[in-house]
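Engineer:
2 protein chains.
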Amino acid sequence: MSPAADTRGRIVMAAMELFWAKGFNSTSIADILSRTQLNAGSLYHVFPGKQDVLIAVLEAYRDGIEENLLKPAWEGVDDPIERIFALLARYRWMILETDCTYGCPIGSLALELHEADPVVRDLLAVNFANWAGAIEQCLAAAGDRLPADTDRRALGEFVLTVMEGGVMQARTHRDVGYFDRGVDALRTHFDMLLARAARRPEPVQGD
Amino acid sequence: MSPAADTRGRIVMAAMELFWAKGFNSTSIADILSRTQLNAGSLYHVFPGKQDVLIAVLEAYRDGIEENLLKPAWEGVDDPIERIFALLARYRWMILETDCTYGCPIGSLALELHEADPVVRDLLAVNFANWAGAIEQCLAAAGDRLPADTDRRALGEFVLTVMEGGVMQARTHRDVGYFDRGVDALRTHFDMLLARAARRPEPVQGD
DNA sequence: GTCTATATGTTGATAGAC
DNA sequence: GTCTATCAACATATAGAC
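Just so you know, the sequences run in chain order A and B.
So the first sequence is residues 1 to 207, counted in full-length UniProt numbering.
So the second sequence is residues 1 to 207, counted in full-length UniProt numbering.
Following this line, the structure appears as structure tokens:
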């Protein structure tokens with residue numbers, strides 16, 4: 001790996017943590033340099049400006065969702081519906097791990113950057129879409145356990161909504177209970193959907 | 001009304017709009033002075049610093065929720081369940097009115113301010129709690145139309161979650177559809193709860 | 001590619017006359 | 001209470017030697 005690639009990687013890693021902990025605007029280039037032990041020249045040799053660091057960070061989230069988020073969350077969980085709640089359990093764990101200061105990095109950036117460049121906004125949107133898309137695949141795998149008229153895309157987005165809203169309220173109140181109650185409500189939602197599908201089974205081919 | 005009170009009111013109003021449009025960190029004192037046509041001396045005569053302007057803004061949201069948000073949303077809507085969706089419809093209207101750039105001012109500030117002063121955090125929490133509390137009152141008014149074991153506090157928070165998540169995704173994708181699908185899912189949730197309560201009516205006193 | 005020094009602008013906040 | 005002028009700190013980004 002070339003030295004520049006290493007430098008780039010160190011910057012992206014440090015910026016990822018700093019943007020998550022302090023936000024984009026409150027993170028200075030000096031913060032990134034301090035954490036990476038690099039000099040301004042090195043950073044500006046790799047990135048034209050601060051926004052390009054943000055873009056690289058969002059690309060890293062996009063490219064790492066499978067390996068860094070879904071894979072560890074779904075370790076040993078095969079049932080597609082339970083995978084949804086296993087992912088939410090992982091967020092719960094992160095909330096506890098950070099003393100209820102955890103914020104979803106994508107969600108926080110999405111709300112912090114009010115007049116974001118189209119490239120940045122697209123990357124935020126792609127990150128959301130991939131997250132919800134992963135849930136949607138679980139819902140597809142659940143097949144006819146869900147009612148036939150279930151909008152699986154909408155339900156995937158709904159799970160993302162519950163995560164974001166739960167994380168937001170838990171952080172603001174410094175209390176996981178707000179996240180837990182949201183997940184409980186979502187569990188009730190799924191229970192009712194599954195019960196409805198069980199009461200009115202799908203027409204089987206040949207009926 | 002004393003001149004200072006007028007000055008204070010103008011600053012709070014301007015800051016409210018600016019924090020909503022640009023965020024707290026990206027709004028400078030100069031922005032506020034420019035919009036209010038005031039000078040630095042006047043602002044710092046009323047407020048010790050920028051954070052105190054934020055506190056005043058959050059207090060204004062807290063004190064205005066009934067008059068500025070709930071009252072207009074519930075004009076002519078009496079059914080407690082429909083009031084919930086009328087409030088969400090008002091958010092939909094704001095999303096459209098802003099070309100899908102609308103962000104909930106409280107939610108945005110809650111995620112932007114990573115290391116907020118306890119006073120600020122409490123005010124954010126109170127704003128959330130009052131919003132969810134207003135929904136909870138609707139749910140209480142719905143009485144036995146909802147299942148007896150329904151956690152009405154949790155469900156009120158859940159409605160807030162759906163609003164925040166829907167607004168967040170709609171803004172990021174610049175597409176109301178994301179908000180609409182979230183509200184639809186919540187409608188399904190309520191329909192299932194109401195149907196469940198109708199199937200298993202509450203034990204009536206004397207049964 | 002990396003270093004140091006620095007340009008250039010903006011920030012929140014203050015001083016002191018009126 | 002309001003005005004103007006200004007401070008000190010910090011921001012992003014650049015220049016040019018090595």
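Beta carbons: idealized from backbone N, C-alpha and C, even for Gly.
These figures come from a predicted structure and were not determined experimentally.
Give me the subset of the UniProt domain "HTH tetR-type" (5-65) of chain A whose CB atoms are less than 8 Å from a CB atom of chain B, sorted by chain position.
Structural biologist: Ala-21, Lys-22, Gly-23, Asn-25, Ser-26
Engineer: Within the continuous alpha helix (DSSP H) that includes A/Gly-143, where are the two ends?
Structural biologist: No alpha helix (DSSP H) contains A/Gly-143, which DSSP labels as neither H nor E.
Engineer: Given 8 Å as the limit, is there contact between the segment 156-174 of chain B and the segment 163-178 of chain A, that is, 3 or more CB pairs closer than that?
Structural biologist: Taking a cut-off of 8 Å for Cβ pairs, the segment 156-174 of chain B and the segment 163-178 of chain A touch, as three or more such pairs fall below it.
Engineer: Please confirm whether A/Leu-160 and A/Ala-134 have their CB atoms less than 7 Å apart.
Structural biologist: no
Engineer: Distance check for B/Ile-29 and B/Val-77, CA to CA, integer angstroms please.
Structural biologist: Going from the Cα of B/Val-77 to the Cα of B/Ile-29 covers about 41 Å.
Engineer: With a threshold of 16 other CB atoms inside 10 Å of the CB of A/His-173, please say whether the residue is buried or exposed.
Structural biologist: buried
Engineer: Give me the Cα-Cα distance between B/Val-126 and B/Tyr-91, rounded to the nearest whole angstrom.
Structural biologist: 20 Å
Engineer: Taking the alpha carbon of A/Phe-24 as the point to measure from, which residue in A/Pro-48, A/His-114, A/Arg-145, A/Ala-73 has its own alpha carbon closest?
Structural biologist: If we check each option's Cα against that of A/Phe-24, A/His-114 comes out closest.
Engineer: So, using beta-carbon positions, are B/Ile-32 and B/Ala-15 closer together than 7 Å?
Structural biologist: In this structure, B/Ile-32 lies near B/Ala-15, with their beta-carbon atoms less than 7 Å apart.
Engineer: Does B/Val-119 pass the burial test, meaning 16 or more other C-beta atoms within 10 Å, or should it be called exposed?
Structural biologist: exposed
Engineer: Beta carbon of A/Ala-43, beta carbon of A/Ile-65: below 7 Å?
Structural biologist: The question names Ala, but residue 43 of chain A is Leu in the sequence shown. No. Outside cutoff.
Engineer: Going by CA-CA distance only, name the one from B/Leu-139, B/Leu-193, B/Leu-155, B/Leu-123 that's closest to B/Asp-52.
Structural biologist: B/Leu-123
Engineer: Is B/Val-162 close to chain A? Criterion is C-beta to C-beta, closer than 7 Å.
Structural biologist: yes
Engineer: The alpha helix (DSSP H) spanning B/Thr-36 covers which residue range?
Structural biologist: 29-36
Engineer: Less than 7 Å between the C-beta atoms of A/Arg-152 and A/Ala-141, yes or no?
Structural biologist: Not closer than 7 Å, so no.
Engineer: If you count every other CB in all the chains shown that lies within 10 Å of the CB of residue 212 of chain A, and 16 or more means buried, which is it?
Structural biologist: Not covered by the structure: residue 212 of chain A. The range shown for chain A is 1 to 207.
Engineer: Near B/Val-46, what residues of its chain come up, given a Cβ to Cβ distance below 8 Å and the 5 sequence neighbours on each side ignored?
Structural biologist: Contacts found: Ala-4, Thr-7, Arg-8, Ile-11.
Engineer: Do you know offhand how far A/Arg-121's Cα is from A/Ala-110's?
Structural biologist: When rounded, the separation of the alpha-carbon atoms in A/Arg-121 and A/Ala-110 is 8 Å.
Engineer: Strictly below 8 Å CB to CB, what residues from chain A border B/Gly-103?
Structural biologist: Leu-111, His-114
Engineer: Among B/Ala-60, B/Ser-26, B/Met-13, which one has its Cα closest to the Cα of B/Gln-37?
Structural biologist: B/Met-13
Engineer: Quick one: residues in its chain with C-beta nearer than 6 Å to the C-beta of A/Leu-146, no 5 flanking neighbours on either side, listed in chain order?
Structural biologist: The residues are Leu-193, Ala-197.
Engineer: Leaving out five residues before and five after B/Gly-182 in sequence, what residues of the same chain have Cβ atoms less than 7 Å from its Cβ?
Structural biologist: Val-162, Gly-165, Gly-166
Engineer: Given that A/Met-192 touches chain B, what residues does it touch there, using C-beta distances under 9 Å?
Structural biologist: Below the 9 Å Cβ cutoff, chain B contributes Thr-188, His-189, Met-192, Leu-193, Ala-195, Arg-196 as neighbours of A/Met-192, in chain order.
Engineer: How long is the line joining the alpha carbons of A/Thr-98 and A/Pro-72, rounded to whole angstroms?
Structural biologist: 18 Å
Engineer: Please check if any C-beta of chain A sits within less than 7 Å of the C-beta of B/Glu-82.
Structural biologist: no
Engineer: State the Cα-Cα distance for the pair A/Ala-195 and B/Tyr-178, rounded to the nearest angstrom.
Structural biologist: 26 Å
Engineer: Quick check on B/Ala-56: does DSSP put it in helix, strand or coil?
Structural biologist: helix
Engineer: Whose Cβ in chain A lies nearer than 7 Å to the Cβ of B/Asp-184?
Structural biologist: Ala-154
Engineer: Quick one: which unbroken alpha helix (DSSP H) runs of 4-plus residues sit fully inside the segment 94-152 of chain B? Chain order, please.
Structural biologist: 105-112, 118-141
Engineer: Going along the segment 125-148 of chain A in order, which residues come within less than 7 Å of chain B, judged by CB to CB distance?
Structural biologist: Ala-125, Phe-128
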